[in-house]
Amino acid sequence: MADFKDLTDALKDEVLSDMADSFFGARVDVDDAIELFHEVSEKLHVKLYQVFRACALMEKICLGPEGFNDFWVSSGMSRNRFYYPAGVECAPIIDKTPFAFTVRGEYIKWFGIAYDMLSASIDEYMHGSIKDDGNGRKMRTVNREDFFKMAEEINIQIEKVNKNVTASDVLKFTKSLDPESVKKESIAGCVGPKCKVIDDEMAFRLITIKDIDFPAFPDLPARKDVATYISGYCSQVWTIDKVRVRALIEDLKKNVNKELS
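For the sequence shown, this note's numbering assigns the number 212 to the initial residue and increments by one for each residue that follows.
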């Protein structure tokens with residue numbers, strides 16, 4: 212009889228241990244995933260701000276908001292797709308001053324540098340890049356595409372945890388192992404709506420993906436593919452406003468020298 216009781220107790224302990232591992236282990240996994248999600252979010256914010264700064268630089272190169280708008284509209288792309296918040300500082304140009312025989316030619320080269328910077332920052336933010344993790348493995352850097360996939364995968368994980376083993380289920384089973392407790396009170400320690408309250412309080416909240424504020428930006432064509440268009444656009448701007456183009460170039464040279472000094 213004692214052997215049977217020992218076996219029964221052992222089985223109860225094993226089942227309870229399995230339930231605890233399933234309940235708490237799964238919750239720990241979700242907690243870890245959410246923590247990683249927040250870390251990735253912070254890194255992605257840094258990359259988004261780099262896109263904003265590159266947009267601000269392009270607007271400066273275009274001689275202001277009106278020119279910035281005109282460039283994207285005339286190129287067939289919507290200006291709204293390159294929105295950035297007010298007050299964002301221009302990205303610094305850490306490059307040698309381009310050489311050209313004419314001011315117009317120099318302006319085209321400055322424009323090309325800013326265009327490449329914006330294109331590269333968008334590509335890094337939207338898609339990431341492959342880099343060595345320091346241990347000989349190639350890893351893709353944080354990017355918007357993977358970030359939203361991660362949010363969807365975490366939500367699937369959360370739904371499974373919330374549905375498969377609820378807090379009230381564990382409580383019911385635990386109390387069912389104590390016959391004296393069963394006689395004195397409800398096995399669950401909660402009935403109907405009370406169980407739902409416990410489960411709702413313990414449930415993980417899904418990530419509201421539609422409220423995540425990481426805007427999408429279109430991939431820019433390679434500069435070699437739009438070189439003729441950029442040249443024509445810059446020539447038109449130079450013809451209309453030589454004074455402001457000259458002042459812009461002087462300011463860009465001054466800032467480049469400051470960055471390189």
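For glycine and all other residues, C-beta sits at the position ideal for the given N, C-alpha and C.
Could you compute how far the alpha carbon of residue i sits from the alpha carbon of residue j?
i: Pro-426; j: Phe-312; result: 40 angstroms
i: Met-269; j: Phe-322; result: 8 angstroms
i: Ile-420; j: Gly-236; result: 25 angstroms
i: Ile-245; j: Phe-415; result: 10 angstroms
i: Asp-357; j: His-338; result: 8 angstroms
i: Asp-327; j: Glu-363; result: 32 angstroms
i: Ile-441; j: Asp-422; result: 36 angstroms
i: Asn-373; j: Val-284; result: 48 angstroms
i: Thr-308; j: Ala-458; result: 15 angstroms
i: Val-437; j: Gly-345; result: 37 angstroms
i: Lys-223; j: Glu-253; result: Note that Lys-223 scores a pLDDT of 49, beneath 50, so its modelled location is shaky and nothing firm can be said.
i: Lys-394; j: Ile-369; result: Note that Lys-394 scores a pLDDT of 46, beneath 50, so its modelled location is shaky and nothing firm can be said.
i: Gly-347; j: Gly-275; result: 45 angstroms
i: Tyr-295; j: Ala-331; result: 16 angstroms
i: Asn-375; j: Arg-351; result: 33 angstroms
If you run the structure through DSSP and keep just helix, strand and coil, what is residue i?
i: Asp-343; result: strand
i: Met-288; result: coil
i: Lys-349; result: strand
i: Ala-297; result: coil
i: Arg-457; result: helix
i: Phe-312; result: coil
i: Arg-355; result: helix
i: Lys-307; result: coil
i: Thr-419; result: coil
Excluding the 5 residues preceding and the 5 following residue i in the sequence, name in chain order all residues of the same chain whose CB lies nearer than 7 angstroms to its CB.
i: Ala-325; result: Leu-268, Met-269 and Ile-272
i: Asp-343; result: Lys-349
i: Phe-282; result: Cys-273 and Tyr-444
i: Tyr-318; result: Cys-445, Trp-449, Val-456 and Ile-460
i: Lys-320; result: Pro-309 and Ala-311
i: Met-479; result: Only positions 212 to 472 of the chain appear in the structure, and residue 479 is not among them; the question remains open.
Just to check my reading of the structure: residue i and residue j have Cβ atoms closer than 8 angstroms, yes? What is that Cβ distance to the nearest angstrom?
i: Val-262; j: Tyr-336; result: 5 angstroms
i: Leu-329; j: Ala-433; result: Not quite, the Cβ-Cβ distance comes to about 13 angstroms (not below 8 angstroms), so this is no contact.
i: Leu-431; j: Ile-333; result: 6 angstroms
i: Arg-355; j: Leu-255; result: 7 angstroms
i: Asn-466; j: Ile-304; result: 7 angstroms
i: Val-353; j: Val-251; result: 5 angstroms
i: Phe-428; j: Phe-293; result: 7 angstroms
Starting from the C-beta of residue i, find all residues in its chain whose C-beta is less than 8 angstroms away, skip the five residues before and the five after it, and write them out in chain order.
i: Ile-365; result: Val-241, Ala-244, Ile-245, Phe-248 and Ile-418
Considering only residues of the same chain and omitting the five flanking positions on each side of residue i, which have a CB-CB separation below 6 angstroms?
i: Glu-396; result: Note that Glu-396 scores a pLDDT of 48, beneath 50, so its modelled location is shaky; the value from the coordinates is reported in the next line. For Glu-396, where only same-chain residues beyond five positions count, there are no Cβ hits under 6 angstroms.
Quick one: which unbroken alpha helix (DSSP H) runs of 4-plus residues sit fully inside the segment 233-291? Chain order, please. 276-285
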